[in-house]
Amino acid sequence: MPDDFEEYYNKYIHKFPPEIAASFDKGYDTLYFAFNIYKYLMEVLPPKLHALMVDQHPVMTKHDNPILTKYMKDINVATTYGLAVAIAKLRLDDINKVDQRKQYPKFEQWKKFYASPPQPKTTSDEDRKYYSYINSDEEWQAFKKEEDASSLRFFNWQEKRKTEFYNVVQPILFDRYEWMRNFEPDTWIIYAMHIRDEYENWKSESERVEEILDYNLPYECINQDFTEYIHLLEEAYEKDPEDTIRQRRIAGEKI
Numbered sequence: 042m043p044d045d046f047e048e049y050y051n052k053y054i055h056k057f058p059p060e061i062a063a064s065f066d067k068g069y070d071t072l073y074f075a076f077n078i079y080k081y082l083m084e085v086l087p088p089k090l091h092a093l094m095v096d097q098h099p100v101m102t103k104h105d106n107p108i109l110t111k112y113m114k115d116i117n118v119a120t121t122y123g124l125a126v127a128i129a130k131l132r133l134d135d136i137n138k139v140d141q142r143k144q145y146p147k148f149e150q151w152k153k154f155y156a157s158p159p160q161p162k163t164t165s166d167e168d169r170k171y172y173s174y175i176n177s178d179e180e181w182q183a184f185k186k187e188e189d190a191s192s193l194r195f196f197n198w199q200e201k202r203k204t205e206f207y208n209v210v211q212p213i214l215f216d217r218y219e220w221m222r223n224f225e226p227d228t229w230i231i232y233a234m235h236i237r238d239e240y241e242n243w244k245s246e247s248e249r250v251e252e253i254l255d256y257n258l259p260y261e262c263i264n265q266d267f268t269e270y271i272h273l274l275e276e277a278y279e280k281d282p283e284d285t286i287r288q289r290r291i292a293g294e295k296i
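42 is the number of the first residue of the sequence shown in my numbering; add one for each residue after it.
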């Protein structure tokens, strides 16, 4: 731990939302969270997330544009910040014996979602009404089989990428913050929600950079209004459908 408490306090305490910062005692706990969570994760995690990002999206290595480079860096910093704040809040909740079920009215709903293993999408007979061009039962069964196989391939591809993200983040958290291993069961549900949310945001923003490179969109549109960006993307899809590139990636091409 550093000796100069005031330096670290003044430098890092404002990084946390006011409601969290206000709950820290101006002493060991404040120094611990400011130095040992925020500062440590900001030094360690963004480079590892960047390495994973370009591994999952190889097309990102084919540009040297400063706008996209900064945006990619910002994605990883924002993800790390979100995780740091979440971990600090969970630690304080545990110390203060906060009842997560009372704190979060949707806790039971979240518990059902986050504590259940994900499942691939399947096609049911209820969906047949959307495919009026399929006439016979034999054709329908063959169609369902192919759709379910395609959904399973996509599901496995997505889950593999999500697992890779978790395998980067969680060893760092669990090795550094052993007290996480003693979280109450309800706290783990909230943790699962936070890390999943951070992953989904990280994935979505990374895919946006990938789309710009895939379809040769102007680099500047990364900072455009999202509606304008989607309009440009839809025009690009008409020339080269998204599914074509994605299916190649699912099949294993590193593009």
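Using N, Cα and C, we set each Cβ at its ideal position, and we do this for glycine too. Just so it is clear, the structure is predicted and the values come from calculations on it, not from any experiment.
- Counting the other Cβ atoms within 10 Å of the Cβ of Tyr53 gives 16 or more, which makes it buried.
- Leu258: not part of any alpha helix (DSSP H); DSSP gives it neither H nor E.
- DSSP places Trp198 inside the alpha helix (DSSP H), whose first and last residues are Asp178 to Arg217.
- Using a Cβ distance threshold of 8 Å, Leu93 and Thr228 do not count as a contacting pair.
- The beta carbons of Arg289 and Ile296 sit closer together than 8 Å.
- Assignment of Ile296 by DSSP, reduced to helix, strand and coil, places it in the coil class.
- Each residue's CA atom was taken as its position, placing Arg142 and Asn106 some 47 Å apart.
- Non-local beta-carbon contacts of Glu239 in its own chain, meaning distances under 7 Å to residues more than five positions away in sequence, involve Thr120, Gly123 and Leu124 in chain order.
- If you compare the alpha carbons of Glu279, Pro259 and Lys280 with that of Tyr270, the shortest gap goes to Pro259.
- The alpha-carbon separation between Glu276 and Val250 amounts to approximately 17 Å.
- In this structure, the alpha-carbon of Ser247 lies about 11 Å from that of Ile263.
- In the three-state reduction of the DSSP assignment, Lys147 falls in the coil class, being assigned neither a helical nor a strand state.
- In the assembly as shown, Val85 is an exposed residue. Its beta-carbon has fewer than 16 other beta-carbons within 10 Å.
- Closest in alpha carbon position to Ile78, among Lys89, Lys56, His98 and His91, is Lys56.
- A distance below 8 Å separates the beta carbons of Tyr81 and Arg217.
- The three-state secondary structure of Phe267, taken from DSSP, is helix.
- With a 10 Å radius around the Cβ and a threshold of 16 neighbouring Cβ atoms, Trp220 comes out exposed.
- Cβ neighbours of Asp255 within its own chain (closer than 7 Å, five residues either side excluded): Val100 and Ile286.
- Just measuring C-alpha positions, the residue of Glu252, Glu294, Asp266 and Lys186 sitting nearest Tyr278 is Glu252.
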